[in-house]
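Residue numbers (the numbering used here), protein chains in the order written: chain A, 3 to 531; chain B, 409 to 545.
First up is the structure itself, then whatever we jot down about it.
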């Protein structure tokens, strides 16, 4: 347990350092990259199984006891996220073999990818607010460089918006952490869950808004999403795919963690705000996408509306009192489970669509819909994969997206939030419209009269395409499996949601013995857990 | 810059600064000092050399590539944490051994020193990367 809990952070760190030592050896870096991602994926699955069987796991760094040292806590949600993130890392690492050019590799693409994964997995695992901030920064630094690597004009424009907004959100996060520490004297999340109850309600609500905005920017929540459509279409598709898989998810994860564990004093206000933002996000994102005419821009705007779905489950969260019936409890739990399922579903589907767009852009020479066409004839396999992924995104049964949306809409109807249910269904319809638009223009339409690439260039582009196709097929297969195994997946998500609903499980895992004993142990210096 | 005074002074200052940086590194365990400040000081020695002579000879003086330095430093610092995992303690728990140097004293060596050396190397690498790149502009 000791090793497996730090592995998702340690392995990429060690591999990134090794890559720095092997700076000029491209081949070695590629192999290390693949090996590290594969190791992380396996480690992630082992972690998931262990947590599923044994419950929440805790590791105290350096042996310093909980509220004083840094604690790593893995509950089922963390384990699910770590596993999914490392899997996407592996898939994108394979895709990058062809997609990333030599120049980007020479400037450290591989170590940066490792550091990005390290930051993301660290954020999923840490049980300490300041440590969360640190892992956020590691992730952001790596993503800043990945976004600008290559230095093309469009990239710079996207990067400026991305960097500015994210730095502002980091500043707010840090300010929030400082205020929280000033008020409670602790930053350990489990400890906070106990101690925030001492703060007056309105003050705590104001403080929670600081965190809502900070994490909202990272998650691309409704009024704060502008960096996302501005930057996602600029870097190479492999980078966009890993961004789409991980960056916003870390924000959503942090929101899920903080607003089920710490700021739960006034769900009538706070979670209502999240729910409203979720509704507006869904509709705005999908309308924005309808107005776009470029493959990756459409997908980027759709991310905004998909984030809306993820936040919808959190927005439906309420703290239950004794008087609430068992049925209400189950519905709220199902709403959180819906969010978790949607996060995992989106983590697989959206990157796959970006990966497909990468192949299309490579062979078509552009991402503009009007200059593309004829891919159904030339790439039938790719077209099939696109149909699976896009229909899953739109929520067509029996694919993964259908189940994710079904659970969420069902929960919102159960809690009598009619408006959000209507928004979710309407958004699903418009998503289908956008996906069909891409299908019609890129795959169904006849090839463009004046293709941007001539025969020779096209043949050149087709060389070494297998590493790009393989990940797409694997992910599409996963989407289908996800759809048919919805039952067991729902059960696991319900378990994870049950842990979120009951913060005492989390707190008890971090403080297994009574507090006085912990204090004594820390003072004695004998701190082995 | 071609200044005889600076060059001759640098020749004597350089080893002193490096020695002092190592002194700071070792002192850092119980008193003010440590890998970060030691690394900065060592980097200034090379920066001074680059000013007195030129960047090329300063790079030659450093011998290793600064990216390699950063990599090795990170590996040492991470390794300091991994050692404790090998003996079954949590990641980053400190481990100590006592070396008996005859005639001097018992020297206590531990993973924090290894961690600090890692920090030292990373700081030297990063600072020099910045300084050399700026100087070459």
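Virtual Cβ for every residue (Gly too), placed ideally from N, Cα, C.
Please read all numbers here as calculations on a predicted model, not as lab measurements.
Is the beta carbon of residue i sitting closer than 7 Å to the one on residue j?
{"i": "residue 514/B", "j": "residue 506/B", "result": "yes"}
{"i": "residue 171/A", "j": "residue 220/A", "result": "yes"}
{"i": "residue 371/A", "j": "residue 443/A", "result": "yes"}
{"i": "residue 345/A", "j": "residue 312/A", "result": "yes"}
{"i": "residue 401/A", "j": "residue 481/A", "result": "yes"}
{"i": "residue 59/A", "j": "residue 13/A", "result": "no"}
{"i": "residue 356/A", "j": "residue 478/A", "result": "no"}
{"i": "residue 237/A", "j": "residue 182/A", "result": "no"}
{"i": "residue 191/A", "j": "residue 129/A", "result": "yes"}
{"i": "residue 441/B", "j": "residue 528/B", "result": "no"}
{"i": "residue 264/A", "j": "residue 198/A", "result": "yes"}
{"i": "residue 246/A", "j": "residue 353/A", "result": "yes"}
{"i": "residue 501/B", "j": "residue 64/A", "result": "yes"}
{"i": "residue 619/A", "j": "residue 298/A", "result": "Limits of chain A in this structure are 3 at one end and 531 at the other, which puts residue 619/A out of reach."}
{"i": "residue 455/A", "j": "residue 367/A", "result": "yes"}
{"i": "residue 302/A", "j": "residue 348/A", "result": "no"}
{"i": "residue 2/A", "j": "residue 11/A", "result": "For chain A, the structure presents residues 3 to 531; residue 2/A sits outside this window and is missing."}
{"i": "residue 21/A", "j": "residue 113/A", "result": "yes"}
{"i": "residue 45/A", "j": "residue 79/A", "result": "no"}
{"i": "residue 418/B", "j": "residue 485/B", "result": "no"}
{"i": "residue 69/A", "j": "residue 188/A", "result": "yes"}
{"i": "residue 38/A", "j": "residue 482/B", "result": "no"}
{"i": "residue 539/B", "j": "residue 455/B", "result": "yes"}
{"i": "residue 276/A", "j": "residue 317/A", "result": "yes"}
{"i": "residue 319/A", "j": "residue 224/A", "result": "no"}
Relative to the alpha-carbon of residue i, which residue among the options has its alpha-carbon at the smallest distance?
{"i": "residue 421/A", "options": "395/A, 284/A and 451/A", "result": "284/A"}
{"i": "residue 90/A", "options": "137/A, 272/A, 115/A and 128/A", "result": "115/A"}
{"i": "residue 466/A", "options": "43/A, 96/A, 100/A and 44/A", "result": "100/A"}
{"i": "residue 501/A", "options": "182/A, 335/A and 356/A", "result": "335/A"}
{"i": "residue 469/B", "options": "417/B, 450/B, 487/B and 480/B", "result": "450/B"}
{"i": "residue 494/A", "options": "33/A, 338/A, 125/A and 203/A", "result": "338/A"}
{"i": "residue 295/A", "options": "131/A, 352/A, 237/A and 373/A", "result": "373/A"}
{"i": "residue 215/A", "options": "184/A, 162/A, 245/A and 177/A", "result": "177/A"}
{"i": "residue 258/A", "options": "498/A, 16/A and 17/A", "result": "498/A"}
{"i": "residue 196/A", "options": "267/A, 256/A and 139/A", "result": "267/A"}
{"i": "residue 260/A", "options": "217/A, 301/A, 4/A and 226/A", "result": "217/A"}
{"i": "residue 489/A", "options": "343/A, 212/A and 333/A", "result": "343/A"}
{"i": "residue 233/A", "options": "161/A, 275/A and 174/A", "result": "161/A"}
{"i": "residue 470/A", "options": "293/A, 95/A, 4/A and 40/A", "result": "95/A"}
{"i": "residue 526/B", "options": "510/B, 511/B, 495/B and 478/B", "result": "478/B"}
{"i": "residue 414/B", "options": "439/B, 434/B, 446/B and 458/B", "result": "458/B"}
{"i": "residue 165/A", "options": "180/A, 175/A, 174/A and 145/A", "result": "145/A"}
{"i": "residue 206/A", "options": "255/A, 475/A, 271/A and 388/A", "result": "271/A"}
{"i": "residue 52/A", "options": "93/A, 88/A, 5/A and 71/A", "result": "5/A"}
{"i": "residue 447/B", "options": "430/B, 437/B and 438/B", "result": "430/B"}
Which chain B residues are close to residue i, counting only those with a beta carbon under 9 Å from its beta carbon?
{"i": "residue 185/A", "result": "Ordered by position in chain B, no residue passes the 9 Å Cβ test against residue 185/A, which lies about 29 Å from the chain."}
{"i": "residue 16/A", "result": "482, 483, 486, 487 and 490"}
{"i": "residue 12/A", "result": "486, 489, 490, 493 and 499"}
Which residues of chain B have a Cβ atom closer than 8 Å to the Cβ of residue i, listed in chain order?
{"i": "residue 62/A", "result": "498"}
{"i": "residue 5/A", "result": "493"}
{"i": "residue 8/A", "result": "493 and 499"}
So which residues on chain B does residue i lean against when the C-beta distance must stay under 7 Å?
{"i": "residue 19/A", "result": "479, 482, 483 and 486"}
{"i": "residue 129/A", "result": "Per Cβ cutoff of 7 Å: no residues; residue 129/A is ~13 Å from chain B at best."}
Is any heavy atom of the ligand COA found at a distance shorter than 6 Å from the C-beta of residue i?
{"i": "residue 177/A", "result": "No copy of the ligand COA occurs in the structure displayed, which carries no ligand at all."}
(request) Report the residues of the stretch 474 to 489 of chain B with a CB closer than 7 Å to any CB of chain A, ordered along the chain. (result) Taken in chain order, the members of the stretch 474 to 489 of chain B whose beta-carbon sits within less than 7 Å of a beta-carbon on chain A are 475, 476, 478, 479, 480, 482, 483 and 486.
(request) Kindly confirm or deny that the stretch 424 to 440 of chain A and the stretch 390 to 400 of chain A touch, where touching means at least three C-beta pairs closer than 8 Å. (result) Taking 8 Å as the limit for Cβ pairs, the verdict is that the stretch 390 to 400 of chain A does touch the stretch 424 to 440 of chain A.
(message) Please identify, using Cβ separations under 9 Å, the residues of the stretch 491 to 517 of chain B that lie next to chain A, in order along the chain.
(response) Correct list: 492, 493, 496, 497, 498, 499, 500, 501 and 502.
(request) Spell out a yes or no on whether the stretch 118 to 128 of chain A and the stretch 149 to 156 of chain A are touching, meaning 3 or more CB-CB pairs, one atom from each, closer than 8 Å. (result) No, because fewer than three Cβ pairs between the stretch 118 to 128 of chain A and the stretch 149 to 156 of chain A fall closer than 8 Å, the two stretches do not touch.
(request) Determine which residues of the stretch 21 to 41 of chain A have a Cβ less than 7 Å from any Cβ of chain B, and write them out in chain order. (result) Within the stretch 21 to 41 of chain A, the residues whose Cβ lies closer than 7 Å to some Cβ of chain B are 22, 23 and 25, listed in chain order.
(request) Name, going along the chain, the residues of the stretch 48 to 72 of chain A whose beta-carbon falls closer than 8 Å to a beta-carbon of chain B. (result) Per Cβ criterion, the list reads 61, 62, 63, 64 and 65.
(message) Using 8 Å as the cut-off, can you tell me whether the stretch 528 to 540 of chain B makes contact with the stretch 460 to 475 of chain B, which would need three or more C-beta pairs spanning the two stretches below that distance?
(response) A contact is defined here as three or more CB-CB pairs under 8 Å, and the stretch 528 to 540 of chain B meets this definition with respect to the stretch 460 to 475 of chain B.
(request) Count the C-beta pairs between the stretch 448 to 468 of chain B and the stretch 17 to 30 of chain A that are closer than 8 Å, then say yes if the count reaches three, no if not. (result) Output reads no: the stretch 17 to 30 of chain A does not touch the stretch 448 to 468 of chain B.
(message) Closer than 8 Å is the cut-off here; do at least three beta carbon pairs connect the stretch 505 to 512 of chain A with the stretch 65 to 76 of chain A?
(response) With a cut-off of 8 Å, the stretch 65 to 76 of chain A and the stretch 505 to 512 of chain A count as touching, because enough Cβ pairs lie within range.
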